[in-house]
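Data block below; observations after.
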Amino acid sequence: MNSFSANDGDRELPLLALQGLTKTFGGLTAVKDVSFTVEKGAIVGLIGPNGAGKTTVFNLITGNYQSDRGQIIFADQLLNGLRTHRIIMRGLARTFQNIRLFHQLTALENVLAGCHYRMRGGIIASMLRFPTQQHEEQAAADCAWRELEFVGLGQYGWIAAKNLSYGDQRRLEIARALATQPRLLILDEPAGGMNEQETKALIGLIGQIQERGITILLIEHDMRLVMQVCEKLVVLEYGSKIAEGSPDQVRCDSKVIEAYLGAEDEA
Amino acid sequence: MEEFIQQLTNGLAVGGIYALIALGYTMVYGVLKLINFAHGDLFTYGAYLGLTLLTSLALTDRLGFTLGMVVLVLMVMGLVAVLGAILERAAYRPLRESPRLSAVVSALGASIFLQNALMLIYGARFQVYPDNILPTATLNIFGLYLPLMRVLIVLASVLMMIVLYVFIQKTRIGTAIRAAAIDQGAARLMGIDVNRVILMVFLLGPALGGIAGLMVGLYYGQVNFTMGWVYGMKAFTAAILGGIGNIPGAMVGGLLLGVIEALGAAYLSIAWKDAIAFCVLILILIIRPTGLLGERVADKI
Amino acid sequence: MKRFKPFTIALFVASLVFAPLFLNTYQVDVLNSIGLYTLLALSLNLILGEAGLFNMGHAAFYAIGAYTSAILNTRYQIPILWTLPLSGLIAGLFALVVARPVVHLRGDYLLIVTIGVGEIVRIALVNDVFGLTGGANGIFSISRPKLLGFTIRQPQEFHYLIWGFVALTIFLFIRLKQSRFGRALNYLREDEVAAEGIGIDTNYYKLAVFGLGAAWAGMAGTLFAAKMTIVSPESFSFWESVMLFMIVILGGAGSITGIVVAAFLVIGLPELFREFAGARMLVFGLVMMVMMVVRPQGLLPARSQQLSPTLLKESNR
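Chains as they are written, first to last, in my numbering: chain D, 1 to 267; chain S, 1001 to 1301; chain G, 2001 to 2317.
Now the structure itself:
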């Protein structure tokens, strides 16, 4: 369909593969026959004009929506039909376009949510404070503090999430996702609403996450960020994939220029 | 068969009353996405106001039955509508931007307040409508003897619904109400005064609810200060049954629920009559939460 | 302010312990009522306050607990306190069965359904379901509870049984709050989509908390049956559920201290103004409306930092 099948990515194993993904709402086809792969250890960007169906693709991957057709394969296993928390347990984690933190709770408690599924303590163990339960709580707290420090929020652990600045809230959401110890991190417009300085720091953070061996798939409108960090781009328009390849390849693609970059120049 | 038709018409009369109350729930829900828990109590106020006006002003003696009733209906509608507007102002407007729970609690508080205010004014006992002014005649339709009052109630409630439907479909303010129900933000951007729409909804709904209260008084001959909550719950069930936010849905839901309840009470068990509506409510929410005429909408994530 | 908290709590506990020595029987009886409502409100708080699930049919679970105890005691002569765990179990199981198909419903829909469940249970009790519940009259001559060979009769004696159970409940619930389970409930309340999206099985926690809250209400029902020696449907009306809902909201959803204070205000205060008994609900209604405008978070809202001692060790970072 296009000439940009990622040539250097072929050597790597795909961690995530979408095959012919389709989703309609009422009569509207939001995502139409979308296929692409995310190679292990890579940073892949999903771009396209507003309303192209990018977030819908994310919601399909994480099971918030069920696809009408097509397959989602993660680490050689089919994700279709699994409930969201099950998918997270397989090693995927995400952030949301419009930050969805637990606003009344502290930053630390927010990150502890990511540790939740690896813990065991139930009602009775918690009420009676069994030693194993206490041990587990301590380990989770240590893990949460580490992630907070990793994203640079170590001193804000006791602050309620709603009192953090916008950029810090985005980073807290990343810390919460990292606390699930994912293999694939899905970021939905991580730089949305950030100023230039915060964006620069974010680019550094994304690099550090990759160094930890975590694969990243992101949606972003900030083209400088996308061109700088992504090894591969997938371009959507009206729910369909129109291009795929390295940033340089995509930049030169006539369809992309026409549909997306061109349109943006006109605006 | 005779028995069946008696129960069916009885169900339609009660169903018409449910439908009139349900319209108030559904319109408020459509525009504000709020369950107006105090709506059932506005219905009770209609019943009590009707009783007071009927006995103290002796309207039917002075103006004759038909004219007296029309004046009574208009007065009850007007007064309960004003109450509805006051309720909106006092209990809901200050909470327009608050979380849902706050509005729900305030609505419950308003309901408890209205109910107990009525109890302090009139006392806790049943109040009886004077039976000498009510028509006790029965109609003979093809050999069936139906009480005139029952027939009048069915006709009146259907008439009200038609008037409301035309109002909502054909007038400017009706269109504004429909627009605000679909998307309040967009309606505001198109220059619709949403505050006026909300006020209108809180005038129309209670006016219809008040009439329903009056009808219950006239039909059963007695009213009680707590009856609003049972009728309210059932009318709400009717609104859900038809698809909440959907005006024709409330009408269909009300009539349907009235009939189900009447037939259920007659042929299953009279002791479980009040439980029937609640079972319908739970079943519909499990099987088809959008109601019979409602549309499915995707949640935005 | 914070330094005085342990002192205030100690004073409160001491005055409860010694209260029966100074109060007359009627006053102790009022305190016992407050204790039972505190217990019920604490159990509702798990569902409504911690997990944010609008449950306005809590009286149904309370009723099932009370009736289970009453039936087991009067029919099978099982000592009333022995029925405590079974009442909890049956109320909890009932909650699981009822909540399973409806728990996914959005906030106020769940509220309406729980009202419906509460009413269906009450109507079932009135209709003498399975010939077990004694209809509108209920079940009477439930035997007095015996503890370690000692028969509990006087309100003064019940005082210690009820408030002892309240103390135990608070002790256990604080620990629960400061755990993985407690936090999961809060995530659910704050943002369900985000909670599911971070690996929390939201359906499981919704059901679990309904079951747990109902089980506790069921056990409160046993204490009620033991205290009254009679149970009848009118004790479990819709208004009981409303009162409990109000105590939780008034106290501050999720706040144990707030709930104890609110139980004293809602149940105790009207006893001081008995001549205005008729206006009591009127005032409550007004308070609910004003409260939502002036102080929607409740009298003593839960602090946003509810952490267990293990986590606090890290606070010197």
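Idealized CB from N, CA, C, for every residue including glycine.
In chain order, E2119, I2123 make up the part of chain G whose C-beta sits under 8 Å from the C-beta of D1274/S.
Secondary structure of T24/D (DSSP, three-state): strand. Residues of the stretch 1043–1068 of chain S with a Cβ closer than 9 Å to any Cβ of chain G: none. Sequence-distant Cβ neighbours of G2251/G in its own chain, meaning closer than 7 Å and more than five residues away, are G2258, I2259, V2261, A2262, G2298, L2299, L2300.
Taking CB atoms only, L2105/G has a neighbour in chain S less than 8 Å away. Taking 8 Å as the upper bound on Cβ-Cβ separation, chain S lies near residues P2101, V2102, L2105, G2107, D2108, Y2109 of the stretch 2078–2110 of chain G.
In the DSSP assignment, K2005/G falls within the unbroken alpha helix (DSSP H) covering 2005–2022. The beta carbons of Y1220/S and F1043/S sit no closer together than 8 Å. For A1091/S, the nearest CB of chain G lies under 8 Å from its own CB, placing it at the interface with that chain.
Contact annotation for V2113/G against chain S: L1281, I1282, L1285 [CB-CB distance below 8 Å, chain order].
If you draw a 10 Å sphere on the C-beta of H135/D, you find fewer than 16 other C-beta atoms in it, and that means exposed. Scanning A52/D, I47/D, G70/D, I87/D for the CA closest to the CA of N64/D turns up I87/D.
Exposure of R1172/S is indicated by the presence of fewer than 16 other C-beta atoms within 10 angstroms of its C-beta. Taking a C-beta distance under 8 Å as the contact criterion, I2090/G and A1275/S do not qualify as a contact pair. About 7 Å separates the Cβ atoms of R2100/G and L2207/G, confirming a contact at the 8 Å cut-off. Taken through DSSP and simplified to helix, strand or coil, D1061/S comes out as helix. If you look at D2108/G, you'll find it in the alpha helix (DSSP H) that goes 2107–2126.
Listed along chain D, no residue sits closer than 9 Å to A2059/G by beta-carbon distance, the nearest being about 23 Å off. With its beta carbon at least 8 Å from every one in chain D, R2295/G lies outside the interface. For A2041/G, no Cβ of chain D is located within less than 8 Å of the residue's own Cβ. DSSP, read as helix, strand or coil, puts K241/D in strand.
Among the residues facing chain S, M2219/G is not included, as its CB has no counterpart in that chain under 8 Å away.
In the structure shown, the three-state DSSP call for D2191/G is coil. Across the set G45/D, A52/D, E39/D, E109/D, the C-alpha of G45/D shows the shortest separation from the C-alpha of R224/D. Distance from the CA atom of R176/D to the CA atom of I1192/S, rounded to whole angstroms, is 42 Å. Q71/D: not part of any alpha helix (DSSP H); member of the beta strand (DSSP E) spanning 69–74, first to last residue. Short of 7 Å from the beta carbon of L1148/S, and not among the five residues preceding or following it, lie these beta carbons of its own chain, in chain order: P1135, A1137, T1138, L1139. CA-CA distance, W2163/G to V2293/G, rounds to 33 Å.
L1285/S and V1252/S have their alpha carbons spaced roughly 17 Å apart.
Excluding five sequence positions before and after H221/D, the CB atoms of its chain that fall closer than 7 Å to its own CB belong to E189, given in chain order. The Cβ atoms of N1010/S and M2281/G do not sit closer than 8 Å to each other.
N1036/S sits buried, since 16 or more C-beta atoms from the chains shown fall within 10 Å of its C-beta.
Shown here is that no member of the stretch 2203–2214 of chain G has a Cβ falling below 8 Å from a Cβ of chain S. Residue pairing from DSSP places P14/D in a beta bridge opposite E39/D. Comparing alpha carbon positions, the residue from T29/D, L13/D, R90/D, L16/D closest to S240/D is T29/D.
Sequence-ordered contacts of the stretch 2229–2256 of chain G with chain D are nonexistent [C-beta pairs closer than 7 Å].
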